[in-house]
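Chains as they are written, first to last, in this note's numbering: chain V, 185 to 852; chain A, 185 to 852.
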């Protein structure tokens, strides 16, 4: 009739972080603090003991940390995960009868009341604890309990003993937890390696790496590594490297028919040469791929591959697994459509088919195949066009065995779909950054990403351009726009990437007005990039990436804080480390055309600054130093030189107050 | 290896209302709309069918309502509960292949593409639906499917048939729901009667109802009914009517020892005459109580009793169930304490005892006992000092059998405890209203109560005074303060109450300065109130209660909207019915001392007003009419006459535009 034991009086609720009632894990990287809070309280006036419980996913045993009372019935503790993979956490709380007794005992003493009976009550609690204690401490507690109720010991001595801090500490070790409440859910945190949070990606078409105009090879890519490394990137992302289909292959500029010389889109995967587990023969062999990968590592670059789960009409799956495709009434395979547009060179997989389980397993085997080739980072093409449940299954299956694998979701779709993909497992996610250009847009979007619950599971990855996205801003703003957008990407986002060499060469010609497609897009033809051009941004990029590496404030997003400016074209924000030992302040002129000046109104608190003290800001781009004081400071930026300041804030500027004699004189 | 069927592609999340991940029910009263929303989407571009499912708690069968697409992947539907008790609700969604096909088919037609293959695909979908349809409609659909793929029918005819709206409607009746997703939780709404939301309580000590100075009886209470009814109340709440303990009984003004003539506190429950199921002999018999209750109903008054689960030392439980109390080392029963204060006249029940189940059942039997005496409303004394789990069990057990029973939580404690009690079942809750006196305090608190998630489960009950609470404001502000606080309670809160006759007689003498206790508090002595006094607020109260009854805008809280004023002492707010047929605007002068004037800046939208159109406001307290236009209007209130306006807003003020000829001339 009555379910459970009604004597569990402690209530635990509003545990954070908790996503969708615990349905999804939150994310952290190794070494990041996992701060857990909860509302914990009980009926009446009894005091509580509260502990955070956590363990690796498969460990049977909880580890335990005491939670500290904050205010308003809220408690907090934090742990750091030492290993990759999943951890579980929850909260437990119990009524602490000894602590309660001690508080009340104290109040009675202070009020000068007699406490003979209370001493006996305390003794009883100590005696009970002795039975829960270690043998040695149990003996001690037992003796103490006897003392507390002994009429031979003077009462003032017993009072002192009862209130002894050591006794309180011992009693805290052995509370009566028979009626402890454990929060009804076990929550999960996925612990990834640092690159899942902090990384700079460089996207490059391997086939365009030859200097001779011919089809590039992995060997040519190797030759490019010093160039890429010199710009300071740490992930080299290659569009699909698989055999490219022939049937309905697209020509240059997405022409419906290809010339025999046209190489086709790398996303038209699969030919007589193989499918998702094969390499396009003109690029090289698997051995050469492994060699490129090893060489890249020696330059501090890790290779990321593309997972584009779709097929060209020539993909082996089409013959071997027709059941994985939608068949039209005439018996042909259904090609991709976005009516009235038709993509006859692409056959989407049909996930509602009866053999869906075999399909899921095959796709998993593709990922495992490349993991065996030592690939640990995957950029997933259009994940929002495959079932959500598939991704949740795939990512958790893979990470169960390989917790170092990172998945980046390339989903440019509606916000709830993007967030759902992140919740169910993607380590990082493309964002709307490319289309957020005004100050108001940037502030609103990045406040949502960094200061709402979203930040617990959605790790933003910022791309100012991609092979599909040449924004109007870049088209029209030219070089100053490329520089400003680069600074924004690299400092607003701990994770970001560029599609090069188009980016550093400021390639900005659209296929037609109003289009975000590149003219002569690399998706459909082999390019020869003049990477040595004098107007390349490669040195600027290298500098900004070095600033990123050297300033750990830029390694995360949660400290992002926007500061006011009195000019709509001047965007100002800061990031800092939790201990405020590194504070970076960025000001960007959003206009690629005109010099803008104005006053920034800094919030000194997130900068760790004292309003009474001057401070120094050092522009890490120019190495110029400025002495500032208080919140209001003047800024002027000419976009045609450098469209941004990236300041390091130095708090401890010496003044005469810092000299020893001054402090002495003033009596400090 | 793969759990579940991966072909369930629809995602359902962020269903509202949902409290703590579905752990607690939300609350509605009969006739209130239950609006349910959810984020529902799928991968890719397929269109969805989405339905709200709901049923009475024990019904096996769901009822179903189509949900309507709002925006940004959000869907909505609403139902009205027709019966008291618990309802369950959840959401289901499926990919609608026919709708999707029809949309794409349309686009292709518009683009002038050939659609021969598409007609065959459509025919296939219609044929499949025919197998799910009723016999008659199945036959029709089957014939249509044949038509659509018949080469004998001209294509333009088949296209027209395929796009026929009737076909779409029929197909919507028989979607393929094999892979429908059902939201993983069944959520619960508790449907109460209207009094749980909208009621005006009058608290009165029965023993003070005699006109002769002797101990009042239920008979004396009966004589008071016309008086109470004339003020327009609908609930008469009696403090405990049980036998009062003698041991350690408190004297007048809470004196530690009582004189033989002192009646003791009604909350010191239990004597040789019985406990919680007995009536104090001086009040009368059970028969007389039932008679009072019946008579009260004839005046539109329902009696609410006090549930104070604590005992005097003379309560029968103390002898019969020592196991339900805490025993001190000397074998005596532990009295209530709040160190250094001691309350030797009260023994709290010890809920951590081994026989807790028997205790719970006994307390439930107390409630059932009074339910059998036809009591359906209980005011629960200090529920936060008994285990939360107990209340959740008790209330759900009682309401399972008696869904018309209302529980009001008298918990003046920390916010999270108050909200928890509401979540786990209390129908209504006392609030901090008594201590919210400035404009900023009132706006902040009532915005939280009416415009956060709290409103789904916490029904505020506002008390300007209680036998324990005589606020500083009332002490110092006198009659104008009593009037202003009364208007605030009665119009800010659909549920409210006063402790009378102290309230209507403006009793404002505290026991001592800085205390909220009444001088010569009725808790410890029998009072004789001069209810006929000329300065009584009874008529004013009666008028405000009539205004409440006649204006359904005041029957709920969710429409509460605060409007700006340029004077800190002028508080302005409105309430309206969902259809805006009744709109009430209140302006209160918060100062009991001075006349205040200023400009209100009305938000016209929540008032349903057109900025282009003048309107009329009618002060329901004075029946004065004012013609206003636009948002800005002048107010002047002298607290020594009436410290508030309660306006009814009349939108359709006639102007020359309303005459027929005007519209004609202007060509409307």
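For each residue, glycine too, the CB sits at the ideal point set by N, CA and C. All values reported here derive from a predicted model rather than from experimental measurement.
inquiry  = Just to confirm my understanding: we take residue 835(A), look at its own chain, exclude 5 residues before and 5 after, and list those with CB closer than 7 Å. What are they?
reply    = By one-based count along the second chain, residue 835(A) stands at place 651. Around residue 835(A): 792, 793, 799.
key: Nearest-angstrom Cα separation, counted from residue 571(V) out to residue 577(V)   = Counting from 1 along the first chain, the entry for residue 577(V) is found at position 393. Counting from 1 along the first chain, the entry for residue 571(V) is found at position 387. The alpha-carbon atoms of residue 577(V) and residue 571(V) are separated by roughly 10 Å.
key: Where the region 539-560 of chain V meets chain A: residues whose CB sits under 7 Å from a CB there   = Those would be 540, 541, 544, in chain order.
query = How would you write the range of the beta strand (DSSP E) that residue 300(V) sits in, first residue to last?
reply = As a first step, residue 300(V) must be located in the first chain, where it is residue number 116. Segment 300-316 is the alpha helix (DSSP H) holding residue 300(V); no beta strand (DSSP E) there.
task = Measure how close the beta-carbons of residue 814(A) and residue 795(A) come, nearest whole angstrom, since I'm counting them as under 8 Å.
result = As a first step, residue 814(A) is located in the second chain; it is residue number 630 there, counting from the start. As a first step, residue 795(A) is located in the second chain; it is residue number 611 there, counting from the start. Contact flag correct, Cβ pair sits at about 6 Å.
ask   = Which term fits residue 357(V), buried or exposed, when burial requires 16 or more other beta carbons within 10 angstroms of its beta carbon?
value = In the first chain, counting from the first residue as 1, residue 357(V) sits at position 173. In summary, residue 357(V) is exposed, with fewer than 16 beta-carbon neighbours lying within 10 Å of its beta-carbon over all protein chains present.
request  = Report the partner residues of residue 562(A) according to the DSSP bridge assignment.
outcome  = Residue 562(A) sits at position 378 when you count from the first residue of the second chain. Per DSSP, the beta-bridge partners of residue 562(A) are 489(A), 591(A).
ask   = When the distance is taken between beta carbons, is residue 646(V) closer than 9 Å to residue 853(V)?
value = Absent from the structure is residue 853(V), since the part of chain V shown begins at 185 and ends at 852.
task = Note the first and the last residue of the continuous alpha helix (DSSP H) segment covering residue 402(A).
result = If you number the second chain from 1, residue 402(A) lands on position 218. Element bounds for residue 402(A): 402-414.
key: Coarse secondary structure for residue 709(A), derived from DSSP in three states   = As a working note, residue 709(A) is residue 525 in the second chain. Residue state, collapsed to three classes: coil.
ask   = Just by C-beta distance, which residues in the region 565-597 of chain A are closer than 7 Å to chain V?
value = Per Cβ criterion, the list reads 568, 569, 570, 571, 572, 573, 574, 577.
inquiry  = With a threshold of 8 Å, are at least 3 pairs of Cβ atoms found where one atom belongs to the region 593-611 of chain A and the other to the region 725-734 of chain A?
reply    = Contact fails between the region 593-611 of chain A and the region 725-734 of chain A, because fewer than three Cβ pairs, one in each stretch, are under 8 Å apart.
task = Report the neighbours of residue 643(A) on chain V: residues whose CB is nearer than 8 Å to its CB, in chain order.
result = Looking up residue 643(A) in the second chain gives position 459. Listed by position along chain V, the residues whose Cβ is nearer than 8 Å to that of residue 643(A) form an empty set, because the closest Cβ is around 20 Å away.
task = Closer than 8 Å by beta-carbon distance: list the chain A residues that pair up with residue 521(V), in chain order.
result = As a position in the first chain, residue 521(V) is number 337, starting the count at 1. Those are 288, listed as they occur along chain A.
request  = Check distances from the C-beta atoms of the region 499-532 of chain V to those of chain A and list, in chain order, the residues that come in under 8 Å.
outcome  = From the region 499-532 of chain V, only 512, 513, 514, 521, 522, 523, 524 have a Cβ closer than 8 Å to chain A.
ask   = Is the shortest distance between the beta-carbon of residue 301(V) and the beta-carbons of chain A less than 9 Å?
value = Here the question's residue 301(V) lines up with position 117 in the first chain. Judged by the 9 Å Cβ criterion, residue 301(V) is in contact with chain A.
ask   = residue 229(A) CB to nearest chain V CB: under 9 Å?
value = Indexing the second chain from 1 puts residue 229(A) at position 45. Yes, its Cβ sits closer than 9 Å to a Cβ of chain V.
inquiry  = Distance check for residue 235(A) and residue 246(A), CA to CA, integer angstroms please.
reply    = Here the question's residue 246(A) lines up with position 62 in the second chain. Here the question's residue 235(A) lines up with position 51 in the second chain. Linking residue 246(A) to residue 235(A) through their CA atoms gives a straight-line distance of about 11 Å.
task = Tell me, please, whether the CB atom of residue 295(A) is closer than 9 Å to any CB atom in chain V?
result = By one-based count along the second chain, residue 295(A) stands at place 111. Contact with chain V is found for residue 295(A), since one of that chain's Cβ atoms lies less than 9 Å from the residue's Cβ.
message = For the beta strand (DSSP E) containing residue 521(A), name the first residue and the last one.
response = Numbered from its first residue, the second chain carries residue 521(A) at position 337. Annotation for residue 521(A): the continuous beta strand (DSSP E) segment containing it runs 520-522.
ask   = Whole beta strand (DSSP E) runs in the region 358-383 of chain V with 3 or more residues, listed along the chain?
value = For the beta strand (DSSP E) assignment, the uninterrupted runs of no fewer than 3 residues enclosed by the region 358-383 of chain V are, from N- to C-terminal side, 371-376.
ask   = What does a CB cutoff of less than 8 Å around residue 465(A) pick up in its chain, not counting 5 residues either side in sequence?
value = By one-based count along the second chain, residue 465(A) stands at place 281. Closer than 8 Å at Cβ, skipping near neighbours: 427, 457.
message = With a threshold of 9 Å between beta-carbons, can residue 599(V) be considered close to chain A, or not?
response = Residue numbering aside, residue 599(V) sits at position 415 when the first chain is read from its first letter. Put simply, the CB of residue 599(V) is near chain A, with a gap under 9 Å to one of its CB atoms.
inquiry  = Suppose the cutoff is 6 Å on Cβ atoms and the five residues either side in sequence are ignored; what does the same chain contact list for residue 804(V) look like?
reply    = Position 620 of the first chain, counting from 1, holds the residue named residue 804(V). Contacts found: 731, 830, 832.
query = Going by the beta-carbon positions, is the gap between residue 317(A) and residue 349(A) smaller than 9 Å?
reply = Along the second chain, one-based indexing puts residue 317(A) at 133. Along the second chain, one-based indexing puts residue 349(A) at 165. No, these two residues do not count as a Cβ contact at 9 Å.
key: Boundaries of the beta strand (DSSP E) in which residue 293(A) is found, first to last residue   = As a working mapping, residue 293(A) is identified with position 109 in the second chain. Judged by DSSP secondary structure, residue 293(A) falls outside any beta strand (DSSP E) and instead within the alpha helix (DSSP H) spanning 281-294.
query = So the alpha helix (DSSP H) residue 548(V) belongs to, where does it begin and stop?
reply = In the first chain, counting from the first residue as 1, residue 548(V) sits at position 364. Residue 548(V) -> alpha helix (DSSP H) spans 540-556.
inquiry  = Contact between the region 207-214 of chain V and the region 549-566 of chain A is defined here as three or more beta-carbon pairs at a separation below 8 Å; is this criterion met?
reply    = Fewer than three beta-carbon pairs drawn from the region 207-214 of chain V and the region 549-566 of chain A are found closer than 8 Å, and the two stretches are therefore not classed as touching.
ask   = Going along chain V, which residues have a C-beta under 7 Å from residue 195(A)?
value = By one-based count along the second chain, residue 195(A) stands at place 11. Residues of chain V passing the Cβ test: 572, 604.
inquiry  = Only counting the same chain, and skipping five residues up and downstream in sequence, which positions put a Cβ closer than 6 Å to that of residue 270(A)?
reply    = Working through the second chain from its first residue, we reach residue 270(A) at position 86. Only 241, 372, 374 meet the Cβ criterion.
key: Between the CA atoms of residue 368(A) and residue 190(A) - distance to the nearest angstrom   = Within the second chain, the letter at position 6 stands for residue 190(A). Within the second chain, the letter at position 184 stands for residue 368(A). For residue 190(A) and residue 368(A), the distance between alpha carbons rounds to 15 Å.
query = How is residue 451(V) classed by DSSP in three states: helix, strand or coil?
reply = As a working mapping, residue 451(V) is identified with position 267 in the first chain. In the structure shown, the three-state DSSP call for residue 451(V) is coil.
inquiry  = At the level of alpha carbons, what is the spacing between residue 816(A) and residue 746(V)?
reply    = Stepping through the second chain from its first residue, residue 816(A) is reached at position 632. Stepping through the first chain from its first residue, residue 746(V) is reached at position 562. Whole-angstrom Cα-Cα distance: 36 Å.
message = Residues of chain V with CB closer than 8 Å to the CB of residue 260(A), please, in chain order.
response = In the second chain, the residue the question calls residue 260(A) occupies position 76. In chain order: nothing, as chain V lies at least about 15 Å away.
task = Report yes or no: do three or more beta-carbon pairs, one from the region 720-729 of chain A and one from the region 448-462 of chain A, lie closer than 8 Å?
result = Inter-segment contact for the region 720-729 of chain A and the region 448-462 of chain A is absent: fewer than three beta-carbon pairs are separated by less than 8 Å.
task = Out of 575(A), 188(A), 470(A), 310(A), point me to the one whose CA is closest to residue 545(A)'s CA.
result = Residue 545(A) sits at position 361 when you count from the first residue of the second chain. Nearest to residue 545(A) by C-alpha distance, out of 575(A), 188(A), 470(A), 310(A), is 575(A).
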